[in-house]
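With positions in the sequence shown counted from 1, the corresponding number in this note's numbering is that position plus 1470. Worksheet: the structure to be examined is printed underneath.
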Amino acid sequence: MKRDKIIEMEQVSFKYEKEWVVERVDLTIEQGQFLGLVGPNGSGKSTLIKLMLGINKPDRGAVKLFGQSIKNFNQWQEIGFVSQKANSFNSGFPATVLEVVKTGLVSRIGTFKFFNRKHKEKAIEALKTVEMEEYANSNIGELSGGQQQRVFIARALVSDPSLLILDEPTVGVDAKHVTAFYDLLRKLNQEKGISLLMVTHDIGTITEHATHVVCMNKTVHFHGASEEYKEFDNEDLNRLYGHSVQQLTHNHEHEVSQ
Ligand code: ADP
């Protein structure tokens, strides 16, 4: 059976100033996929996400969301987004976990309306999904990076999206909690039927979790099933990345330790 296409990019190009940052990207993501988006630093991954979210406007080409041109698209509650720095609140930040999750409903309830009991129940349900309900009344800043990341996933889940986009969600998550984090993503994908698009540096393990991988450097160099990506040897990867993958890993470690 042909699956529904949730994101279609056709010959999309984009520049911030003079230099093209995204060039002639053709990319289709289908319902139910867990897609890992990889590529070196500065290769245009975040920019591509912003093009999908309507934050950046393509200079060339077309973007469709759920079969509709992004220009007419108004079902934004279908797309949840967890940004890269979503887990770095310090202990003084004056909001509880429940309050943070409820802000994910703001576009639903509209202006000049107040949160009611149903909204609170939805927020608690989302916290249960990410196994954080016992922290509902804790201050967000008191939680670890990994726990905050789960809260921000709950915030994205509260409007029942069918696609969740995550920009480098494992940065700031303690290495020993990364496996549990991937288990949560698998549960969202397989049990809740949520399609996932995850930007990651984690080229070593992404193929163990994602169903599909896209490797980009301005344009898409590889798009296929994870099994196919696993067949690539180091030389293939170096060619795709345009430099040594060891160097990439080294850079990443440097970034994480900062
Ligand atoms: P990645 O997510 O793969 O690290 P980005 O999409 O963040 O890559 O960046 C791609 C290129 O665009 C980089 O050269 C970066 O410096 C540049 N860039 C990103 N954001 C902006 C911006 N707001 N204004 C100008 N240049 C930007």
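Note that the Cβ used here is the ideal one computed from N, Cα and C, for glycine as well. These figures come from a predicted structure and were not determined experimentally.
When beta bridges are read from the DSSP output, K1475 appears opposite E1500.
Around the beta-carbon of D1672, 16 or more other beta-carbon atoms lie within 10 Å, marking it buried.
Relative to the non-hydrogen atoms of the ligand ADP, the Cβ of V1491 comes within a distance shorter than 7 Å of at least one. In this structure, G1506 and A1680 form a Cβ contact; the two beta carbons are roughly 4 Å apart against a cut-off of 8 Å.
With respect to the C-alpha of F1651, the residue from E1601, L1518, V1482 having the closest C-alpha is E1601. Segment contact: the stretch 1604-1624 against the stretch 1529-1540, fewer than three CB-CB distances shorter than 8 Å; contact not assigned. For the pair of segments examined, the stretch 1483-1490 was found to touch the stretch 1520-1533: the number of CB pairs separated by less than 8 Å reaches three. For L1568, the closest alpha carbon among the candidates R1625, E1612, K1588, G1615 is that of R1625. Look at which beta carbons fall closer than 6 Å to any heavy atom of the ligand ADP; those residues are Y1486, V1491, G1509, N1511, G1512, S1513, G1514, K1515, S1516, T1517. The stretch 1545-1554 and the stretch 1495-1512 do not touch, with fewer than 3 CB-CB distances between them shorter than 8 Å. M1686 places its beta carbon 8 Å or farther from that of G1574. Look at the stretch 1575-1647 and you find these whole runs of beta strand (DSSP E), each 3 residues long or longer: 1633-1637.
Here T1517 is not near N1511, since their CB atoms are 8 Å or more apart. Going by C-alpha positions, A1593 is about 44 Å away from K1488. Around the C-beta of D1637, 16 or more other C-beta atoms lie within 10 Å, and the residue is accordingly described as buried. Assigned with DSSP and collapsed to three states, F1692 falls in strand. Per DSSP, the beta-bridge partners of F1551 are I1635. A Cβ-Cβ contact shorter than 8 Å links T1689 with E1493.
The distance from the Cβ of G1502 to that of S1629 is about 19 Å, inconsistent with a contact at the 8 Å cut-off. Boundaries of the alpha helix (DSSP H) harbouring L1568: 1567-1572, taken from the DSSP string. Apart from sequence neighbours up to five positions away, the residues of its chain that approach V1669 with a beta-carbon distance below 6 Å are L1507, K1515, D1637, E1638, ordered along the chain.
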